[in-house]
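Written out below as structure tokens is the structure these notes cover.
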Amino acid sequence: MQEKTIKQLKDYYPGFDELLIKDLLNYISDKSGDKNLIDPLKLDLAMGIGRVGVKEMNLASTAVVSCFLFYCIDPKKINVDDLATIFGNETAEIVSGLIKVPVIQLDKLSIQSENFIELLLTISTDVRSILIKLAEMLYLLRKLNDEIKPNQIRISSEISVLYAPIAHRLGLYAVKSEMEDLSMKYLHPETYKDIAKKLEKTKASRNKYIDQFVAPLEKELKKKGLQCEIKGRPKSIFSIWNKMKKQGVDFEEVYDKFAIRVIIESEHENEKANCWQVYSIITDKYIPNPRRLRDWISSPKTSGYESLHTTVIGSEQKWIEVQIRTQRMDEIAEKGHAAHWKYKEKKEGKGKSDWLSEMREALEKQEKAFDATQDKDKAKLYTDEIFIFTPNGDLRRLHEGYSVLDFAFSIHTSIGESCTGAIVNGKMETIKHQLKNGDEVKILTSKNQKPKYEWLEIVKSTRAKAKIKRAIKAITYKDSNIGKDAVKQKFLQLKIDFNDVNINLLTEFFNYKSALDLYQAVGSGKLDIHKIKKAFTRISDELAEEKIHLEEELKIEAEDTRLKSKQDYLIISNNLHTIDFHLAKCCNPIPGDKVFGFVTVSKGTRIHKKSCPNAPDMFKRYSYRVVEAKWNENSEADQFSVRLHISGKDKVGIINSITEIIANEFKLNL
31 MQEKTIKQLK
41 DYYPGFDELL
51 IKDLLNYISD
61 KSGDKNLIDP
71 LKLDLAMGIG
81 RVGVKEMNLA
91 STAVVSCFLF
101 YCIDPKKINV
111 DDLATIFGNE
121 TAEIVSGLIK
131 VPVIQLDKLS
141 IQSENFIELL
151 LTISTDVRSI
161 LIKLAEMLYL
171 LRKLNDEIKP
181 NQIRISSEIS
191 VLYAPIAHRL
201 GLYAVKSEME
211 DLSMKYLHPE
221 TYKDIAKKLE
231 KTKASRNKYI
241 DQFVAPLEKE
251 LKKKGLQCEI
261 KGRPKSIFSI
271 WNKMKKQGVD
281 FEEVYDKFAI
291 RVIIESEHEN
301 EKANCWQVYS
311 IITDKYIPNP
321 RRLRDWISSP
331 KTSGYESLHT
341 TVIGSEQKWI
351 EVQIRTQRMD
361 EIAEKGHAAH
371 WKYKEKKEGK
381 GKSDWLSEMR
391 EALEKQEKAF
401 DATQDKDKAK
411 LYTDEIFIFT
421 PNGDLRRLHE
431 GYSVLDFAFS
441 IHTSIGESCT
451 GAIVNGKMET
461 IKHQLKNGDE
471 VKILTSKNQK
481 PKYEWLEIVK
491 STRAKAKIKR
501 AIKAITYKDS
511 NIGKDAVKQK
521 FLQLKIDFND
531 VNINLLTEFF
541 NYKSALDLYQ
551 AVGSGKLDIH
561 KIKKAFTRIS
571 DELAEEKIHL
581 EEELKIEAED
591 TRLKSKQDYL
601 IISNNLHTID
611 FHLAKCCNPI
621 PGDKVFGFVT
631 VSKGTRIHKK
641 SCPNAPDMFK
651 RYSYRVVEAK
661 WNENSEADQF
671 SVRLHISGKD
681 KVGIINSITE
691 IIANEFKLNL
């Protein structure tokens, strides 16, 4: 088999190095698992695609080797680094580009064609990857008669929408026309047959008309010493159909169903002058339409196309399109930049890389759309963009560096909010995983997943960030309402008043910044609602303890309220003058004493001396209820309750003597 394959390769590409072919076939055999056998179907496929590439696009040995490696070996077994070592970096790059070319689903074609072209540009570092794919598509089209109807529809649709436009941009007009015609044959068979039948029916009269038109031109050109070949050929079936649709006319009303091509033998330096000389001869014989003159010699198309086009009136008042070009220009017109490949691939350095760059530039620069259904805007390619595929073949554009989570939100908000990770190229990845160009990504979701604040550090998309913030806000609001209802119900069970004082105590007890945070924690399940009972058990213990210490204070509360301008002589916690407070009877603080406030459950704030015997226990066990307090130096208050401890010798009438002294001294009625 190896000898047969070597002969076939050398037949259609005589310059192929036989030693290189043997190395190639041995490598493929090793990868296939059988050193003596290569899958004949794969070999035939690679051979057929290689032939098309060589004939239609002038591809040479490097591209042909890449073609065989890609189509004969399972892509999963291809190691690009190995290819670089054995066959060179260029071959490795071409094969790498081929591996990355994705499959587009049929129902996505109409909206993905422009994205697909841009994707090919970003994943293919060597344009020959794209040329080989074009060769593959043309090869498949030519064999499409052997396929079942669904496959005919799928393949022809993909080629007409995705690959014919690429051939057009590269100036591969012969390839483009054949792709369009063959695709139409399977997509619109009745229309195709009808136009083909009418072209065949009018062939004899058309050829006769062409001969009559050409005869005087040939005579005059020969007289001027110009070596020219004049061809008359019908327009492609697809282009005629397009004209019928655009102009809203029948086949018979399309006036330019064929074109005349004048191909001149000319030295490079004389090309322009010779073309205009021929133009002058033609327009002397036939009246031209000045508005239909197209000069692509002075300003070639981005594909490299050079030619003079004019439309003249022939006999029977028929408009005839005439194309004037040299042999070199004609080859470029048929094969675009690829026409130079046979000269450039054998060379190294700048000459070769220039043509690679020019071919890539031809793809990047989009001219006026050839799609009959719509005009495209000029493509703007973003170097920081990547293209990602869903399992359904949907193509999405993201910025470089975006994560799985960014991609999930780009699909749909609900997908992003429930995202738990993804399967990227068959491998499980986290939501943080950064995606690469051409990745196929299947998002994994869970109904239990909820957006979190830390997600804002993962995503880069401003839209994704906004969606996460909105989701968190909505979840917080919902959880807060649920939590508030739960706390209220728990208070009812525990027979605790649901008021701001008790809620604030609970908030401080659990170290939350606000009541809203407390409710949200309960609603989301972060705080067990049953812990509230434990919290208030501790608070109840506090109350009992305070009751012991403050019994006497409660008895004289009425007296405290009579003190002059009580709120004026003490400042509590950030200059709050109007807070409800009482002086603790356990230590009886007076102006000048160092004091602090202690928030009780139901009796406001108690003011204690810092030296109060109960102070250490309060600071240790209930520090969250301690507030700052100090005396107001500007207060005019002069009456305070104090406790006097008097010691002396016991004798008859001593109590009466003490009370008399106090009554006379302070003018009190005891």
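Numbering-wise (the numbering used here), the sequence shown opens with residue 31 and increments by one. Cβ coordinates follow ideal geometry from the N, Cα and C atoms, glycine included.
Contact test: residue i Cβ vs the ligand PLP heavy atom, cutoff 7 Å
| i | result |
| --- | --- |
| I559 | Absent from the structure shown: the ligand PLP. Ligands present: none. |
Exposure label - residue i; buried when at least 16 CB within 10 Å
| i | result |
| --- | --- |
| D509 | buried |
| K227 | exposed |
| R500 | exposed |
| L212 | buried |
| K497 | buried |
| E210 | buried |
| R655 | buried |
| L580 | The predicted position of L580 is uncertain, since its pLDDT is 46 and thus under 50; a value taken from the coordinates is nonetheless stated next. Buried: at least 16 other Cβ atoms inside 10 Å. |
| I141 | Confidence in I141 is poor, its pLDDT being 49 and thus under 50, which makes the residue's placement unreliable; the coordinate value appears in the next sentence. Under this definition I141 is an exposed residue. |
| L411 | Low confidence applies here, because L411 scores a pLDDT of 35, under 50, leaving its location unreliable and the question unanswered by this model. |
| F628 | buried |
| E48 | exposed |
| L524 | exposed |
| S190 | buried |
Alpha-carbon spacing of residue i relative to residue j, whole angstroms
| i | j | result |
| --- | --- | --- |
| E470 | K457 | 10 Å |
| I240 | E120 | 47 Å |
| Y704 | I453 | Residue 704 is absent from the model: the chain starts at 31 and stops at 700. |
| T567 | S440 | 50 Å |
| S476 | K561 | 29 Å |
| E188 | L71 | 23 Å |
| Q347 | Y285 | 10 Å |
| S126 | V110 | 7 Å |
| D424 | L536 | 52 Å |
| K173 | D156 | 27 Å |
| H218 | L323 | 33 Å |
| L67 | C102 | 11 Å |
| A516 | D623 | 44 Å |
| S641 | I692 | 27 Å |
| Q404 | K276 | Note that Q404 scores a pLDDT of 34, beneath 50, so its modelled location is shaky; the value from the coordinates is reported in the next line. Cα-Cα distance, rounded: 11 Å. |
| F281 | N272 | 11 Å |
| L247 | K215 | 36 Å |
| E690 | I620 | 24 Å |
| A93 | T332 | 23 Å |
| K480 | N422 | 26 Å |
| H463 | I502 | 22 Å |
| L75 | L171 | 13 Å |
| I473 | T492 | 20 Å |
| R636 | D547 | 28 Å |
| D41 | K179 | 34 Å |
| C449 | G80 | 45 Å |
Reduced DSSP category for residue i - H, G, I as helix; E, B as strand; rest coil
| i | result |
| --- | --- |
| T567 | helix |
| T340 | strand |
| A4 | Examination of residue 4 is not possible in this model, given that the chain is present from 31 through 700 alone. |
| D360 | helix |
| K228 | helix |
| A452 | strand |
| I637 | strand |
| G627 | strand |
| E459 | strand |
| E177 | coil |
| E299 | helix |
| E48 | helix |
| L149 | helix |
| F704 | Nothing in the structure corresponds to residue 704, since the chain is present only between 31 and 700. |
| I183 | helix |
| S595 | At S595, the pLDDT of 45 sits below 50, so the modelled position is not reliable and the matter cannot be decided from this model. |
For residue i: DSSP bridge partner residues
| i | result |
| --- | --- |
| H429 | E415 |
| E351 | A289 and T341 |
| Q464 | S433 |
| V82 | Its beta-bridge partners do not exist; DSSP assigns none. |
| G262 | I290 |
| K660 | I601 |
| T475 | C449 |
| I317 | I343 |
| D325 | L338 |
| E470 | F419 |
Entirely enclosed alpha helix (DSSP H) segments - the region 196 to 252, minimum 4 residues
203 to 217 and 219 to 231
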